[in-house]
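Read through the structure below, which is laid out as C-alpha cells, and then see the notes.
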Amino acid sequence: MGGSNDTKKSFEQVQSDLQAQLLNNARALLKKDYNIDVPSTTTLEDTLKLIAINRFKAQFKFDYNDDSAKCFPPNALADSVTPIARLCSITDPASTQAADYIETMIISKANLPAWMKSNAKADLVTLSKVLLSQDTMKKWNYDEFVQSYDGVTEDQDSYKFSSVLVYTNGSLTEDALKANLCIIYFMGVYYKTNSPTKAVRLAIQQEAYDTAKLLDAASITNDSELTTALALHGQAKFSERFHYGYKSNPPDLPDSTPMISYNDHLCYVQDAKADSLQFYVQDEIFKGLNITVDSVKETAMDDTLKQFQAIVQENSTGTWTIDYIDQTYAVADPVLNPVKVNGLIIYWFDHRNVDTNDSAHTTVSVSTTYIYYMAMFYEVTTPSVVVARDLFKEMCINLINHIETESSASTTMDLLGLKDFLFTYAKQQFLKAFGFDYNGNHSTPPDKISNTVLGYDELLELPSYPPTLVDIQAFINAELFKRDSTTFPPYAGPGIYDDIQTHMLRYAGPDTPKDANMWYCEEHTSTFSDPSGQHNSIKEYALFVYALGDKREDSQGGLRIQRPLVYYLGVFCSVDKGGPAW
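The number in the working numbering is simply the position in the sequence shown, starting from 1, with 7 added.
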C-alpha cells in the first residue's frame, strides 16, 4: 500500500502535465496552420507568440513588432504606435484574475491617454470573460478584436486597436486531482488615427453639455463639470421624490444598526456597446456598493444592467430624461431584513449617421449615451421581520429559564442565539437522561464496543405550521446528516431515518399538544439490529427539545407567524457483540 501512495502525483505535477499537453497542442497548431517547427526547448509563450505574429500578419496585412519604431499600421499618425504582447494564464475564469491582469499588465503598461483607459479595459475584460468561458477541450482557438476610440474633446486624438487573441480553456484530472488552466495570449497595437466620426461625436457631446444647462448648471465644458451638474440636480430630485436627502438616513431604517450603502457615477457609452454597459454596472457602480446579501446584489445588478440596456435602445434623442428607482428586494431568510433601493437615473442619448469617406462611401451610425446613476441601498423593516425577531427573543427568554448554568449560553436574543441556548440546555438534559456527556463524535456511551461514535445536533426551524413529511425529510437529508449521509450501514440506515423523521413530525406537528412559545424535552433510545445477525447492532441515544413559536403583530390580530422548532441532539454507537463492530 505504501508503494502505491508514493506513485500518486501532486497537484503541481498534474498542473505541469496539463501545461505540457497545452504546449504540444500549440506546437501542433503552429505546424498545421503555418508549417513552422520549433525546437523542443521553445516555451509556451514563445510558441504562442509565433502563432499570434503569423495570424496578425494574415488578418491586418502588416507585421507586428515589439519595437514601435518597426511597427507600421496603415493610417497611423506618426510616433503614436504602442505594441502589446502579453500572456495571461489563470486558473479560475469566473474570478477577477483576468481583469486584474489586464489592468496591471496591459492597460497600465500601454501608453494610453487617461480618457480611454476605462473603455479599453472594459472591452478586453468583457472579451476575455467570453473567450475563457468556452470549453475548448485543450485546443487553441483564434479571435480578432478591432476597436476605435474617439477622443471626447477637441485636443484628444482618436485611437484604433487591432489585436489577435490565441486562447484555450483546459483541465486535467489525475489521481483525483484536477488542474485548470485558462490562457489568453494578447497581441495588439494601439495607435492614433484620423477618425471621420470624431467631429460628429464632439458635436453630439457639445449638444449634451448645452442641453444639460437646463439642469440649473451655469456652464458645462467637460465631463467633470457635467458630473457635478448632474449630481446637484440628482440630489434635488432625490429629496423631492423620496422625502429625505441622498446619503442621509431613510425614515424606514430598522432600529438596529442597518446596512446602508450608496454610490453615484457618470457612465459614458459610445455606440451603445453592451460590454461597456456591463463594465460600468459591475465594475464601476456595484463594485462600490457594500450590499451584504449576495442574492440581492446579483438581482439588483441584473436589474440595473437591463435598465441601462433599455436606455441605449430608446428612440428618443437629444433630451435629458430622468427615471426613478424604488424597489424592495426580499430575502429568503425570514429574520433578515429586506433590502430597499431608492435612486434615479438621468440619461441622454443621441445618434448620427456618418460617411466614412472611404471609396465605398460606407455609412456608419455614431451614438453617444450619458447615464448618471445615483442610488441608496438599505435594510428596511417589515412587519414579518419585526414579529419574527420578537418571537425568537421570547423563545430565548423562555428557554433560559430552564438552563441551570448560563456560563456557556449565548447572550444574543435571536435565532442564532437560540441555537446556542438549545445546545447548552440539551447537553444538560442529555447528561441527566443517559449518564454521559454529549461531545459529538467524541462522546463515550458506556455500552459502546468500538471507537466509531457519531454525534449530531441541529435545529429544525420551518417557516410554516403544520409541517409536512417532505419538510422533515429535507431537513434530515440536507441539514442533520449532511456531514455523514452514507455512514450508517445498510441494515440500520433506513430505520434510523424513519425513526427520526417519525419523532420530528410528531413533536413539530399538531399530534403533540404544546403551549405557544414554551419548550418541551423528550429523551429517546432505539436499537437497530442486523436481521442476519452478522453485524453488531447500532444504538441511538437522542434528545428532542421542541416548541411551537406563535406570535401576532398586535393584540388585535394582524400578521401572525408560526414556527415549529425541534432541536435534535443524538449519539450513535455499536453495541452487543453479535458480529463485526461498525
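Even for Gly, the Cβ is constructed at its ideal location relative to N, Cα and C.
Just the C-alpha distance for residue i and residue j, rounded to the nearest angstrom, thanks.
i           : j           : result
residue 583 : residue 401 : 44 Å
residue 416 : residue 256 : Its pLDDT being 46, under 50, residue 416 is placed unreliably by the model, and the measurement read from it follows with that caveat. Their backbone Cα atoms lie some 35 Å apart in a straight line.
residue 186 : residue 178 : 5 Å
residue 511 : residue 503 : 12 Å
residue 424 : residue 431 : 11 Å
residue 130 : residue 107 : 14 Å
residue 397 : residue 559 : 10 Å
residue 45  : residue 316 : 48 Å
residue 481 : residue 231 : 56 Å
residue 286 : residue 489 : 39 Å
residue 105 : residue 136 : 8 Å
residue 345 : residue 338 : 5 Å
residue 447 : residue 465 : 12 Å
residue 160 : residue 229 : 8 Å
residue 536 : residue 545 : 6 Å
residue 18  : residue 184 : 6 Å
residue 453 : residue 419 : 35 Å
residue 445 : residue 455 : 14 Å
residue 120 : residue 233 : 20 Å
residue 266 : residue 21  : 44 Å
residue 141 : residue 275 : 30 Å
residue 293 : residue 281 : 17 Å
residue 251 : residue 216 : 29 Å
residue 410 : residue 498 : 38 Å
residue 382 : residue 42  : 57 Å
Given a cut-off of 7 Å on the beta-carbon distance, is the pair residue i and residue j in contact?
i           : j           : result
residue 80  : residue 63  : no
residue 244 : residue 351 : yes
residue 580 : residue 387 : no
residue 394 : residue 566 : yes
residue 349 : residue 333 : yes
residue 205 : residue 84  : no
residue 145 : residue 32  : yes
residue 474 : residue 517 : no
residue 195 : residue 155 : no
residue 336 : residue 288 : no
residue 118 : residue 89  : yes
residue 378 : residue 237 : no
residue 51  : residue 30  : yes
residue 168 : residue 197 : yes
residue 132 : residue 109 : yes
residue 188 : residue 25  : yes
residue 268 : residue 384 : yes
residue 240 : residue 380 : no
residue 524 : residue 556 : yes
residue 279 : residue 374 : yes
residue 515 : residue 470 : no
residue 202 : residue 259 : no
residue 190 : residue 180 : no
residue 93  : residue 193 : yes
Per the DSSP calculation, residue i is bridged to which residue(s)?
i           : result
residue 123 : Beta-bridge pairing links residue 123 to no other residue.
residue 539 : Answer is none; residue 539 lacks a bridge partner.
residue 351 : 331 and 381
residue 270 : 382
residue 524 : Residue 524 is not bridged to any residue.
residue 374 : 358
residue 548 : 532 and 578
residue 173 : 149 and 192
residue 557 : 569
residue 303 : DSSP output for residue 303 lists no bridge partner at all.
residue 277 : 375
residue 336 : 346
For residue i and chain C, any beta-carbon pair shorter than 7 Å?
i           : result
residue 314 : Of the chains in the structure shown, none is chain C; there is only one protein chain.
Self-check item: Inter-stretch contact (C-beta, 8 Å, three-pair minimum) for the stretch 433 to 441 and the stretch 527 to 546
Solution: yes
Exercise. Evaluate contact between the stretch 540 to 554 and the stretch 573 to 583, counting only Cβ atoms and requiring at least three cross-stretch pairs below 8 Å.
Key: yes
Exercise. With a floor of 3 residues, list each beta strand (DSSP E) that falls wholly inside the stretch 48 to 96, ordered by position along the chain.
Key: none
Exercise. Kindly provide the ranges of any alpha helix (DSSP H) runs that are 4 or more residues long and lie completely inside the stretch 178 to 228, ordered along the chain.
Key: 205 to 219
Quiz item: On the three-pair Cβ rule with 8 Å, is the stretch 99 to 111 touching the stretch 206 to 216?
Solution: no
Quiz prompt | Those runs of the beta strand (DSSP E) which lie wholly inside the stretch 142 to 168 and span at least 3 residues | solution = 148 to 156
Quiz item: Can you list, in chain order, the stretches of the alpha helix (DSSP H) that have 4 or more residues and sit fully within the stretch 415 to 478?
Solution: 422 to 441
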